[in-house]
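Note sheet for the following structure.
Number of protein chains: 4
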Amino acid sequence: MPYRSSDKTRQKKDAKRTTMMQAAVQVFAEKGYYAATIRDIVAEADVAIGTFYFYFPDKETLFVHLYEETADFLLQAIRQAITSRATLPQQIQAGIQAYVNIAVFEPAVVQLLLVGGIGAVPSLTVKRIEFRKRLTQVWQRPLDKALSQSLIAPQNCHRTAEALAGAYDEVILNLFAHPEPESEAATAVRDLTQFTLRAVAYTGN
Amino acid sequence: MPYRSSDKTRQKKDAKRTTMMQAAVQVFAEKGYYAATIRDIVAEADVAIGTFYFYFPDKETLFVHLYEETADFLLQAIRQAITSRATLPQQIQAGIQAYVNIAVFEPAVVQLLLVGGIGAVPSLTVKRIEFRKRLTQVWQRPLDKALSQSLIAPQNCHRTAEALAGAYDEVILNLFAHPEPESEAATAVRDLTQFTLRAVAYTGN
Amino acid sequence: MPYRSSDKTRQKKDAKRTTMMQAAVQVFAEKGYYAATIRDIVAEADVAIGTFYFYFPDKETLFVHLYEETADFLLQAIRQAITSRATLPQQIQAGIQAYVNIAVFEPAVVQLLLVGGIGAVPSLTVKRIEFRKRLTQVWQRPLDKALSQSLIAPQNCHRTAEALAGAYDEVILNLFAHPEPESEAATAVRDLTQFTLRAVAYTGN
Amino acid sequence: MPYRSSDKTRQKKDAKRTTMMQAAVQVFAEKGYYAATIRDIVAEADVAIGTFYFYFPDKETLFVHLYEETADFLLQAIRQAITSRATLPQQIQAGIQAYVNIAVFEPAVVQLLLVGGIGAVPSLTVKRIEFRKRLTQVWQRPLDKALSQSLIAPQNCHRTAEALAGAYDEVILNLFAHPEPESEAATAVRDLTQFTLRAVAYTGN
DNA sequence: TATGAATGAGAATTCATTCAT
DNA sequence: TATGAATGAATTCTCATTCAT
Chain S
1 MPYRSSDKTR
11 QKKDAKRTTM
21 MQAAVQVFAE
31 KGYYAATIRD
41 IVAEADVAIG
51 TFYFYFPDKE
61 TLFVHLYEET
71 ADFLLQAIRQ
81 AITSRATLPQ
91 QIQAGIQAYV
101 NIAVFEPAVV
111 QLLLVGGIGA
121 VPSLTVKRIE
131 FRKRLTQVWQ
141 RPLDKALSQS
151 LIAPQNCHRT
161 AEALAGAYDE
171 VILNLFAHPE
181 PESEAATAVR
191 DLTQFTLRAV
201 AYTGN
Chain H
1 MPYRSSDKTR
11 QKKDAKRTTM
21 MQAAVQVFAE
31 KGYYAATIRD
41 IVAEADVAIG
51 TFYFYFPDKE
61 TLFVHLYEET
71 ADFLLQAIRQ
81 AITSRATLPQ
91 QIQAGIQAYV
101 NIAVFEPAVV
111 QLLLVGGIGA
121 VPSLTVKRIE
131 FRKRLTQVWQ
141 RPLDKALSQS
151 LIAPQNCHRT
161 AEALAGAYDE
171 VILNLFAHPE
181 PESEAATAVR
191 DLTQFTLRAV
201 AYTGN
Chain D
1 MPYRSSDKTR
11 QKKDAKRTTM
21 MQAAVQVFAE
31 KGYYAATIRD
41 IVAEADVAIG
51 TFYFYFPDKE
61 TLFVHLYEET
71 ADFLLQAIRQ
81 AITSRATLPQ
91 QIQAGIQAYV
101 NIAVFEPAVV
111 QLLLVGGIGA
121 VPSLTVKRIE
131 FRKRLTQVWQ
141 RPLDKALSQS
151 LIAPQNCHRT
161 AEALAGAYDE
171 VILNLFAHPE
181 PESEAATAVR
191 DLTQFTLRAV
201 AYTGN
Chain R
1 MPYRSSDKTR
11 QKKDAKRTTM
21 MQAAVQVFAE
31 KGYYAATIRD
41 IVAEADVAIG
51 TFYFYFPDKE
61 TLFVHLYEET
71 ADFLLQAIRQ
81 AITSRATLPQ
91 QIQAGIQAYV
101 NIAVFEPAVV
111 QLLLVGGIGA
121 VPSLTVKRIE
131 FRKRLTQVWQ
141 RPLDKALSQS
151 LIAPQNCHRT
161 AEALAGAYDE
171 VILNLFAHPE
181 PESEAATAVR
191 DLTQFTLRAV
201 AYTGN
């Protein structure tokens with residue numbers, strides 16, 4: 001029977017891998033794709049350069065992988081917040097709140113997705129388009145439902161969701177430029193919720 | 001004869017400078033700040049490397065300068081479109097149309113401003129924030145006026161404008177992912193105009 | 001197995017570092033600071049360019065470091081020769097002999113210190129002044145002692161030592177211009193010793 | 001009859017040429033051969049780059065030429081001071097004083113000759129040796145005469161002059177490191193004169 | 001598995017020199 | 001004579017990646 005790594009070994013390996021990925025997210029988020037060097041990442045993870053190449057094939061592949069994972073995480077969080085609410089206003093508010101929470105408590109996630117290596121990594125372009133498409137879908141789902149129940153005005157829900165996704169991103173990114181992002185966050189959530197309800201022409205009956 | 005300086009020579013030099021800046025915009029827009037090399041730029045402009053450094057001090061300075069100039073151009077175009085219309089719907093529609101036109105006919109402008117070197121050039125961060133602030137102001141101006149005339153619902157116009165700026169950018173950026181941006185553009189303008197009028201709760205009386 | 005660090009590896013690294021420094025001394029001595037390129041140095045050491053920057057931060061830092069180390073070596077050699085003798089004539093003669101020996105057998109040392117990058121490296125100016133000061137002190141020490149014992153005429157020993165340092169350097173540098181430096185060296189030592197004893201007005205009682 | 005530039009034209013040309021050479025001396029003295037750029041020189045002379053190449057073939061040739069001219073000037077000044085005095089002490093003192101004067105009032109001359117491009121310009125090596133040889137001769141002449149009159153002890157006058165030349169250079173160069181070179185200069189002249197008279201064992205009868 | 005010394009292609013930038021005007 | 005725009009070889013330095021241990 002061929003060698004098979006025991007569970008403990010496997011776990012240890014995964015743990016190290018995870019550690020390195022977290023380190024990489026931090027560094028990529030802070031410096032951007034190009035300015036972040038492999039040396040920075042391994043220093044953050046406290047391992048040797050060779051170790052990096054044992055776990056990951058190269059810088060670009062890692063970055064794209066990180067981008068995808070991070071996108072999944074963000075989308076899942078928002079989706080989850082939305083689906084656990086019943087009415088449209090609640091869903092919108094919960095979704096935005098979830099997004100803002102991540103921005104405040106895990107700024108690296110937002111940095112990576114919205115700023116990170118946008119015009120920098122060629123093979124990321126398609127991933128980015130995909131991410132935006134999925135993000136739009138997340139916001140579009142509750143709108144479609146509301147439209148079918150005539151709770152909002154007739155409209156191209158896809159276009160509306162697209163615009164809303166951009167609107168949320170802009171406000172959230174600007175949060176970082178504020179002196180006290182956390183206190184500003186609450187206001188932003190309320191403002192964006194109302195903005196959204198107006199934008200979809202929510203009637204509530 | 002002591003060589004004429006201020007006449008044709010000066011004009012020629014300015015023309016060449018402009019040519020090189022256009023070449024640089026193209027290359028920066030296409031590849032992003034880091035991936036764009038000086039060699040790429042001078043190849044595009046069909047001059048020698050030394051010529052680049054005769055006209056510009058270094059890569060970063062040029063990029064920031066280009067960013068600022070391009071931002072001014074875009075802002076001026078939108079502002080101009082808005083102020084030449086009378087009613088809010090017209091203003092919104094004209095502003096969006098101007099923006100979309102630039103995106104379609106001068107895609108490099110949008111690439112540079114929205115994608116270019118976002119997380120790449122440290123000294124650009126502040127310029128970017130400034131640009132977003134000014135862009136928000138451009139959209140906010142007509143809203144403030146409309147609010148003072150009770151044409152739109154009471155709201156935080158600055159936040160609304162911020163969100164709208166993000167919304168427009170998202171839709172316009174996604175235009176490039178479409179197979180036929182130009183035909184999609186018309187629909188986008190109409191959709192965004194309606195989205196905006198709903199989002200500001202325009203009553204029209 | 002986790003790779004042994006502190007044992008053989010460390011020694012090997014130190015050895016290579018030393019090899020590269022010797023190569024650098026040769027090249028700097030031969031061509032001077034500016035004309036010596038990193039390529040020259042790594043070619044002499046038979047390593048890749050990157051290896052240079054693995055061991056040293058940059059060209060200038062290395063040069064200054066080399067200058068300091070070489071200065072220490074020369075000063076120590078002369079000082080050692082002087083202190084191991086009892087009478088002033090013996091001390092002078094031994095000091096000069098030590099200096100000449102280095103010039104003959106390690107010409108790069110003298111080239112680096114007296115010719116190398118004199119007007120070339122800004123951060124070297126202060127190091128050079130320091131070196132000259134210390135060299136003067138080395139020659140001054142035995143003079144002070146002799147003066148306190150009235151073995152030499154009353155005089156400003158510091159100024160005398162300064163002048164002697166310059167005198168020795170000149171003669172030693174001119175040695176290299178001779179067809180047979182080694183044979184000339186013996187004469188030079190004798191001449192300089194007598195010159196010195198006259199210059200300090202050594203009485204011997 | 002072929003065109004011949006009039007005297008006025010010739011003079012003008014020579015004047016400009018001289019201006020540029022003076023500018024070059026300043027710049028070379030201040031920055032050293034490598035760090036001094038053609039742009040620096042023409043900026044100092046307030047002419048265009050092309051003008052430089054009209055008057056001089058290239059940077060290295062100019063530097064060597066400047067070195068030679070400057071060396072001639074210095075040697076002539078010292079020689080002149082010496083020959084205008086009668087006794088050895090007066091000759092020594094006058095020669096040193098002339099040297100120190102130049103160092104104080106025309107520091108660029110000394111910088112160029114003693115520091116300038118010593119290990120920097122290959123074709124200068126031979127010129128430097130020549131200069132040192134001539135400088136030694138200047139100091140040696142009065143010694144030979146004095147020796148023939150038994151005013152100084154029997155000695156290898158060439159070696160003595162060599163050593164003295166180095167001694168003077170050292171002290172003069174160190175003058176620049178002093179806070180007040182001018183006030184120190186007088187002391188230096190006196191000290192060096194006495195040093196010299198001791199070193200040659202001057203008896204005075 | 002883990003290490004880090006070693007590599008070298010490639011990037012930004014400088015500067016002596018040329019030449020059309 | 002005088003100008004300065006244009007050139008491009010050459011330099012320093014970075015950093016992703018490899019591989020022997």
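Residue numbers (the working numbering), protein chains in the order written: chain S, 1 to 205; chain H, 1 to 205; chain D, 1 to 205; chain R, 1 to 205.
Ideal placement from N, C-alpha and C gives every residue a C-beta, glycine not left out.
Keep in mind the model is a prediction, meaning the values are calculated, not measured.
Who are the neighbours of residue i on chain S, taking C-beta pairs under 8 Å?
i, result
"Leu164(H)", "Ala167"
"Asp58(H)", "Going along chain S, no residue has its Cβ under 8 Å from Asp58(H), so there is no contact; the nearest lies around 17 Å."
Write down the C-beta distance between residue i and residue j rounded to the nearest angstrom, noting that I regard them as a contact closer than 8 Å.
i, j, result
"Gln142(S)", "Ile82(S)", "The sequence given here places Pro at residue 142(S); Gln does not occur at that position. Yes, they are in contact, since the Cβ atoms of Pro142(S) and Ile82(S) sit about 6 Å apart, within 8 Å."
"Phe54(D)", "Ile41(D)", "Contact doesn't hold; Cβ gap of about 13 Å is too wide."
"Ala161(R)", "Thr136(R)", "5 Å"
"Ala71(D)", "Leu113(D)", "6 Å"
"Ile152(R)", "Thr196(R)", "So it is not a contact: roughly 10 Å between Cβ atoms."
"Thr193(D)", "Gln93(D)", "5 Å"
"Ala199(H)", "Arg198(S)", "5 Å"
"Met21(R)", "Val47(R)", "Their Cβ separation, rounded to whole angstroms, is 12 Å, which puts Met21(R) and Val47(R) out of contact at 8 Å."
Alpha helix (DSSP H) containing residue i: first to last residue?
i, result
"Pro181(D)", "181 to 199"
"Thr19(D)", "8 to 31"
"Gln137(D)", "125 to 148"
"His178(S)", "Taken as a continuous stretch (DSSP letters only), His178(S) belongs to no alpha helix (DSSP H), as it is neither H nor E."
"Thr61(D)", "59 to 83"
"Phe52(D)", "49 to 55"
"Ile118(D)", "Premise fails: Ile118(D) is in no alpha helix (DSSP H) and is neither H nor E."
"Asp40(S)", "38 to 45"
"Leu88(S)", "88 to 105"
Leaving out five residues before and five after residue i in sequence, what residues of the same chain have Cβ atoms less than 8 Å from its Cβ?
i, result
"Leu147(R)", "Pro154, Gln155, Cys157"
"Gln26(S)", "Glu44, Ala108"
"Gln97(R)", "Ala81, Val189"
From the DSSP output, read off the bridge partner residues of residue i.
i, result
"Tyr202(H)", "Ile152(H)"
Mind listing the chain R neighbours of residue i? Cutoff is C-beta to C-beta under 9 Å, in chain order.
i, result
"Arg141(D)", "By Cβ distance, chain R contributes nothing, its closest Cβ being about 18 Å from Arg141(D), past 9 Å."
Show which residues of chain H have a CB atom less than 8 Å away from the CB atom of residue i.
i, result
"Leu124(S)", "Result: empty, since nearest Cβ-Cβ is about 10 Å, beyond 8 Å."
Got a sec? Which residues, its chain only, sit under 7 Å from residue i by beta carbon, not counting five neighbours each side?
i, result
"Ala188(D)", "Val100, Val171, Leu175"
"Leu124(H)", "Val64, Tyr67, Gly117"
"Lys59(S)", "Ile38"
"His178(R)", "Glu184"
"Leu75(R)", "Arg134, Leu135, Val138"
"Tyr34(R)", "Ala120"
"Glu182(R)", "Val104"
"Ala201(R)", "Ile152, Ala153"
In chain H, which residues lie with their C-beta within 7 Å of the C-beta of residue i?
i, result
"Val115(S)", "Ile118, Gly119"
"Ala199(S)", "Phe195, Arg198, Ala199"
"Arg85(S)", "Under the 7 Å cutoff, chain H gives no residues; its nearest Cβ is about 21 Å from Arg85(S)."
Going along chain D, which residues have a C-beta under 7 Å from residue i?
i, result
"Gly32(R)", "Gly119, Ala120"
If the cut is a Cβ gap below 9 Å, which residues of chain H does residue i touch?
i, result
"Glu170(S)", "Arg132, Thr136, Glu162, Ala163, Leu164, Ala165, Gly166, Ala167, Asp169, Glu170"
"Arg39(S)", "Under the 9 Å cutoff, chain H gives no residues; its nearest Cβ is about 17 Å from Arg39(S)."
Interface residues of chain R around residue i at Cβ under 7 Å?
i, result
"Ile129(D)", "Ala177"
"Ala23(D)", "Going along chain R, no residue has its Cβ under 7 Å from Ala23(D), so there is no contact; the nearest lies around 18 Å."
"Asn174(D)", "Arg132, Glu162"
CB-CB under 6 Å to residue i, same chain, minus the five flanking residues each way: which ones, in chain order?
i, result
"Gly95(R)", "Ile78, Ala81, Ile82"
"Ala165(D)", "Leu135, Thr136, Trp139"
"Tyr3(S)", "Residue confidence is low: Tyr3(S) scores 44 on pLDDT, short of 50, so the model does not pin down where it sits. Its coordinate-derived value is still stated next. Around Tyr3(S): no qualifying Cβ."
"Lys13(D)", "none"
"Met1(D)", "Note that Met1(D) scores a pLDDT of 42, beneath 50, so its modelled location is shaky; the value from the coordinates is reported in the next line. Answer for Met1(D): no residue qualifies."
"Gln111(S)", "Ala29"
"Arg17(S)", "Tyr55"
Who are the neighbours of residue i on chain S, taking C-beta pairs under 7 Å?
i, result
"Leu192(H)", "Ala163"
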